[in-house]
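Chains as they are written, first to last, in this note's numbering: chain A, 77 to 463; chain B, -18 to 367.
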Ligand SMILES: Cc1ncc(COP(=O)(O)O)c(C=O)c1O
Ligand SMILES: Cc1ncc(COP(=O)(O)O)c(C=O)c1O
């Protein structure tokens, strides 16, 4: 039986072109990019070409791109290092209640150091309100960190409006675009974004590499100190093969490709919703089916069946989905995202699953998913009736 | 082509690349995911951890994965500072550490910590009496590298460990990025060491990999927080393919270690014995067991280090000025200046660094190239021949 992978928001397999690029660079371009001689210059050239491709992808300039070890490092750096650098200008930060832990944990850390953090609430579709943001903004706010798109329910935040609002405020605007980068057109100029973090393994690139975009003039001290790599903004021998692989993955997600994927994934969502309805499954969508959302994530509440039971039964049927975000490291904790959307006494918290599509997903796989969910629900229902 | 710059970075081993390739195709799931893809990734992650722990004779829970040597060094220093702040604000290191240590210490100074840099003698070695004198009731960490990356000095880790037995609360950290696989494992894993940093790309494993050893019961605060991976100490989706490849690289490195070390030492000495007779040469590395087997540093007085590096490159031989990280800027070597070598000489220093694949024939070629270039160097040298 071929297993079906519907957990692409957790991680994605590398595309063939990316892996080929990486192993090719591992074999052939191994000089240390910081050395003087030819081998090093070759590495340096690959590094800078990759940087250029990536900068273009968000309408930034090359020297605004700093390579990192992934989304977590980008988020930690943007938040903690801004707080350290701008302490004199204020000690207040704003974020949302539905960020990834890579944002929330650094915020908690800053609170332990005496900083104040406002966590904006979200509505039942997972969106913040601009008015709440306006009200939370203070003269001493130094950073607003709001994700571009949510990893559990796919809600897209009003990034352009937030950028406009903050344009004339001292607070810098950071966005975690780890989930959105592969699906939405991002333009840091248009949206007045000061910092943005990404992670390659969510877009069929290698793991443990990402970038932090920092607008020119956004000066924060490096989180990792050491050699003078990345213009002193991120120490550590450059991971040239992985960076080249990342650039290859970025080349594969052209604007047209992103739009096509949004379209295709929207169709899968529709297929699931209609399929489950037709089979009389009692369920609700957590979030919004609107076309402007991230279409690769569908979070549904299957009434009366616990997340764990549904997930293990699907796993036995050869279908991989998630109970929320993968990144609470294997633990099954109640989702802070669903809690923020529905309150902590909602049955949705314990009875929801996340299905996330990737470039390999097919309509036949979605049919199998629908059939499997239906079979599991009916089997469990029958069992409880017998009891 | 002869690659003699293995202290800057090494070529990934073909077997390491195949492992990376195969795992990337088959076991690419997220180890935190609870389904089968995740479980397979988790199992491979833990198998790799077990393999590394077994190779090093430590336990599974003492190995934590990082993105490389720089992260390991930063993490252990800052993580100790944060964790042990209430016990003191004093840290001790040496004047000859890698910038990953030195610049982390400088950053901690800005945050109100006090740092003592131990001086070194003419061999680049610290004196344990200086360490003893520097220890204070407020000292929370002592960080001493195993092998210096510029000239190859092995630090007296055993003596440091013995001294620190009287200071059981002080974290003892060793940066072993240059020391792994070089025949000094007993020294690195001496029974007093609490934390050790390793970097994959220095031993033919992929870039962007590394790990730290953290002795059971010794705590540091995380540097990267988020999803709670690595026992909540190092967040970020784990790079299972690269970690599996790193475990493979480490196994290859440590197979027949003694033989490989002897070979590197013989090659190093062969070059050293050759160049030492030339009047313009000043040697910094020495031909004895208190220097690592793979590093040879010497100056050709009066000729700039970069000029020498380029001249050898034209002969197809890749060497470097003292360390990759400072070689872009034409800076004098920090190790040599700590040894009080005048700048006029230290800016003429070059480093030859070997791995287990280098051969005696390559050393002969190097020596022949050296002879050929020496006349050129003599003309370039602004030092009047004696
Ligand atoms: C929204 C979001 N931010 C940050 C991260 C962290 O990225 P990484 O695990 O690559 O460090 C993830 C995924 O894990 C994510 O989904
Ligand atoms: C002694 C020493 N420590 C730390 C590092 C940093 O390691 P990495 O390049 O993996 O970040 C290096 C090498 O650059 C080194 O030689």
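Note that beta-carbon positions come from the ideal geometry of N, C-alpha and C, so glycine has one too.
query, result
"Chain-order list of residues whose beta-carbon lies under 8 Å from that of residue 387 of chain A (same chain, five-residue window excluded)", "397, 398, 399, 429"
"Near ligand 1: residue 250 of chain A beta-carbon under 7 Å from a heavy atom", "no"
"Nearest-angstrom Cα separation, counted from residue 140 of chain A out to residue 196 of chain A", "28 Å"
"Residue 190 of chain B Cβ short of 7 Å to ligand 1 heavy atom set", "no"
"Residue 134 of chain B CB to nearest heavy atom of ligand 2 below 7 Å", "no"
"Buried versus exposed, by CB contacts within 10 Å (16 or more), residue 423 of chain A", "exposed"
"Residue 262 of chain B (DSSP reduced to helix, strand or coil)", "strand"
"Contact set between residue 79 of chain A and chain B, taken where Cβ atoms lie within less than 8 Å", "17, 18"
"Local Cβ density within 10 Å of residue 181 of chain A, reported as buried at 16 or more and exposed below that", "buried"
"Element boundaries [alpha helix (DSSP H), containing residue 375 of chain A]", "Residue 375 of chain A -> not in any alpha helix (DSSP H); beta strand (DSSP E) instead, spanning 373 to 378."
"Distance cut-off 7 Å: residue 303 of chain A Cβ against heavy atoms of ligand 4", "In terms of ligand content, the structure shown lacks ligand 4 and carries ligand 1 and ligand 2 instead."
"Beta-carbon proximity list for residue 5 of chain B, same chain, < 6 Å, skipping 5 on both sides", "222"
"Reference residue 298 of chain A; option with closest CA among B:324, B:298, B:89", "B:89"
"Cβ-based burial, residue -18 of chain B [other Cβ within 10 Å; buried from 16]", "exposed"
"For residue 128 of chain B, the nearest candidate out of B:120, B:114, B:172, B:179 (CA to CA)", "B:179"
"Whole-angstrom distance between residue 104 of chain B and residue 409 of chain B, CA atom to CA atom", "The question about residue 409 of chain B has no answer here: the residues shown for chain B are numbered -18 through 367."
"In chain order, each beta strand (DSSP E) run of at least 3 residues that lies wholly inside the region 198 to 264 of chain A", "217 to 221, 248 to 252"
"For residue 94 of chain B, the three-state DSSP class (helix, strand or coil)", "coil"
"From B:34, B:168, B:106, B:55, residue whose alpha carbon lies closest to that of residue 43 of chain B", "B:34"
"Classification of residue 330 of chain B by the beta-carbon crowding that lies within 10 angstroms, buried from 16 upward", "buried"
"Within chain B, the residues that residue 285 of chain A reaches when beta carbons sit closer than 8 Å", "189"
"Distance between residue 364 of chain A and residue 25 of chain B (C-alpha atoms, nearest Å)", "37 Å"
"Chain B contact for residue 290 of chain A (CB, 8 Å cutoff)", "no"
"C-alpha gap between residue 7 of chain B and residue 51 of chain B, whole angstroms", "30 Å"
"Check: residue 186 of chain B C-beta below 7 Å from any heavy atom of ligand 2", "no"
"Closest residue to residue 94 of chain A among A:282, A:262, A:355 (Cα-Cα distance)", "A:282"
"Below-8 Å beta-carbon distance, residue 220 of chain B vs any chain A residue", "yes"
"Candidates B:121, B:-3, B:177, B:314: closest to residue 70 of chain B by CA position", "B:121"
"For residue 5 of chain B, three-class secondary structure by DSSP", "helix"
"Cα-Cα separation between residue 151 of chain B and residue 342 of chain A, rounded to whole angstroms", "57 Å"
"Best match in B:318, B:340, B:203, B:287 for proximity to residue 184 of chain A [C-alpha to C-alpha]", "B:203"
"Integer-rounded CB distance, given that residue 241 of chain B should sit under 8 Å from residue 337 of chain B", "4 Å"
"For residue 2 of chain B and residue 58 of chain B, the rounded distance between their alpha carbons", "34 Å"
"Residues in the region 115 to 133 of chain A having any Cβ partner in chain B nearer than 7 Å", "115"
"CB contact below 8 Å: residue 341 of chain A versus chain B", "no"
"Ligand 2 heavy atom lying under 7 Å from the CB of residue 312 of chain A", "yes"
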